[in-house]
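Visitor: Anchor point for the sequence shown: position 86 equals 86 in full-length UniProt numbering, and the numbering is continuous, going up by one each time.
Heads up, the beta-carbon is just placed ideally off N, CA and C, and yes, glycines get one too.
Quick caveat: nothing in here was measured; it's all calculated off a predicted structure.
Okay, here's the structure, questions in a sec.
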Amino acid sequence: MESVLKTHSINIQLKSIVKRFFDIVFSVIGLSLFSWLLFLTWFLAIVDTQSNGFFIQERIGQFGRRFKIYKFRTIQMLPNSKVFQISEIGKFLRKYKLDELPQLINILKGEMSVVGPRPDIAGYYNLLEGENRKILELKPGLTGLASLKYFDEEALLREQEDSLSYNDNVLFPDKVQLNLEYYYCQSFFGDLKIIVETFKFIFGKKITSAI
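Okay, here's the thing in structure tokens:
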């Protein structure tokens, strides 16, 4: 029994090392190849939102640690009012997930992974109980099973009469189950498939089963 547990522990450590190595390679290549796109998107966000172009918010990471997530700002304040709305450029950035590009920095810093549960605010993760808290053992990801299923989550929420209630009672519980499924089924090749499916979905192709 002791040898079995030791082997299991070694396998977990090896998976963690491989995943971290892949995250570093992915983020370094992404930041290098798409630095021009990052700066272009940042410039558009600055001009469009009349701000520094960044949206920085505290989220819950692995083991419940808090970290600052980086995004390009997509919300602007309407002239002569205190009303905020997603700008037209912001809608474009969100559609193609360009506003998420700064999270490559979060990945490089080790706060996030390429694949994993999307990081949420503290209020939601405080609701996790029992087995569901295993999700907190995972690093939050840029994409994942729940991200694929609810790729156009904003459009889905706009269709609901009570979007907050729908999010709390339908979306969040389902995302928890999908993230728990990923916890038990995660693998290097499974992650690669999720990444491929994410790119396919961005460019409008049908998603197949990710794992």
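In or out: Ile12 buried (at least 16 other Cβ within 10 Å) or exposed?
Guide: Locating residue 12 in the sequence shown gives position 12, counting from the first residue. By the neighbour-count rule (16 or more Cβ atoms within 10 Å), Ile12 is not buried but exposed.
Visitor: Pick from Gly123, Tyr125, Ile17, Leu101: whose alpha carbon is nearest that of Trp42?
Guide: On the sequence shown, position 42 is the one that residue 42 refers to. Minimum Cα distance to Trp42 is reached at Leu101.
Visitor: Could you check where the beta strand (DSSP E) with Tyr150 kicks off and where it finishes?
Guide: Counting from 1 along the sequence shown, the entry for residue 150 is found at position 150. Here Tyr150 belongs to no beta strand (DSSP E), and DSSP marks it neither H nor E.
Visitor: Can you tell me where the beta strand (DSSP E) holding Phe84 begins and where it ends?
Guide: For the purposes of this step, residue 84 is taken as residue 84 along the sequence shown, with counting starting at 1. Taken as a continuous stretch (DSSP letters only), the beta strand (DSSP E) holding Phe84 covers 84-86.
Visitor: Just list the beta strand (DSSP E) runs in the segment 25-61, keeping only unbroken ones of 3 residues or longer that don't cross its boundaries, in chain order.
Guide: 54-60
Visitor: Which partner residues does Ile75 have in the DSSP bridge list?
Guide: Against the sequence shown, residue 75 aligns to sequence position 75. Partner(s): Ile86.
Visitor: DSSP on Ser209, reduced to helix/strand/coil?
Guide: The residue given as residue 209 occupies position 209 in the sequence shown. Its pLDDT being 44, under 50, Ser209 is placed unreliably in this model, and the coordinates cannot settle the point.
Visitor: Could you give the residue range of the alpha helix (DSSP H) that holds Ser163?
Guide: Numbered from its first residue, the sequence shown carries residue 163 at position 163. Secondary structure note for Ser163: its alpha helix (DSSP H) is the uninterrupted segment 163-166.
Visitor: Pull up the CB-CB distance for residue 213 and Thr49, whole angstroms please, since I reckon it's below 8 Å.
Guide: The requested residue 213 is not part of the displayed model; the chain covers only 1 to 211.
Visitor: Could you give the distance in angstroms between the alpha-carbon of Phe201 and the alpha-carbon of Glu131?
Guide: Position 201 of the sequence shown holds residue 201. Position 131 of the sequence shown holds residue 131. About 30 Å.
Visitor: What did DSSP end up calling Leu142 once you bin it into helix, strand or coil?
Guide: The sequence position of residue 142 within the sequence shown is 142, counting from 1. Strand, per DSSP.
Visitor: Considering only residues of the same chain and omitting the five flanking positions on each side of Val83, which have a CB-CB separation below 8 Å?
Guide: Residue 83 sits at position 83 when you count from the first residue of the sequence shown. Taken in chain order, the residues that qualify are Met77.
Visitor: Applying the 10 Å Cβ sphere with the 16-neighbour rule, what's the burial state of Tyr96?
Guide: For this step, residue 96 is matched to residue 96 along the sequence shown. So Tyr96 counts as exposed.
Visitor: In three-state DSSP terms, what is Lys200?
Guide: Mapped onto the sequence shown, residue 200 falls at position 200. Of the three classes helix, strand and coil, the one that applies to Lys200 here is helix, per DSSP.
Visitor: Can you tell me which of the three DSSP states Tyr182 falls into?
Guide: Within the sequence shown, the letter at position 182 stands for residue 182. It is helical.
Visitor: Looking at the structure shown, is Ser113 part of a helix, part of a strand, or coil, going by DSSP?
Guide: The sequence position of residue 113 within the sequence shown is 113, counting from 1. DSSP places Ser113 in strand when its eight states are reduced to three.
Visitor: Starting from Gln160, trace the alpha helix (DSSP H) in both directions and tell me its first and last residue.
Guide: To locate residue 160, count along the sequence shown from 1; it is residue 160. First-last for Gln160: undefined, no H or E at that position.
Visitor: Helix, strand or coil for Ile107? Go by DSSP, reduced to three states.
Guide: If you number the sequence shown from 1, residue 107 lands on position 107. DSSP places Ile107 in helix when its eight states are reduced to three.
Visitor: Measure the alpha-carbon distance for Leu14 versus Gly110 and round it to whole angstroms.
Guide: The residue you call residue 14 lines up with position 14 of the sequence shown. The residue you call residue 110 lines up with position 110 of the sequence shown. The straight-line gap from Cα to Cα measures roughly 17 Å.
Visitor: Taking DSSP as the reference, what is the three-state secondary structure of Glu66?
Guide: By 1-based counting over the sequence shown, the position of residue 66 is 66. First, the residue type needs correcting, since residue 66 is Arg and not Glu in the sequence shown. Correct three-state label for Arg66: strand.
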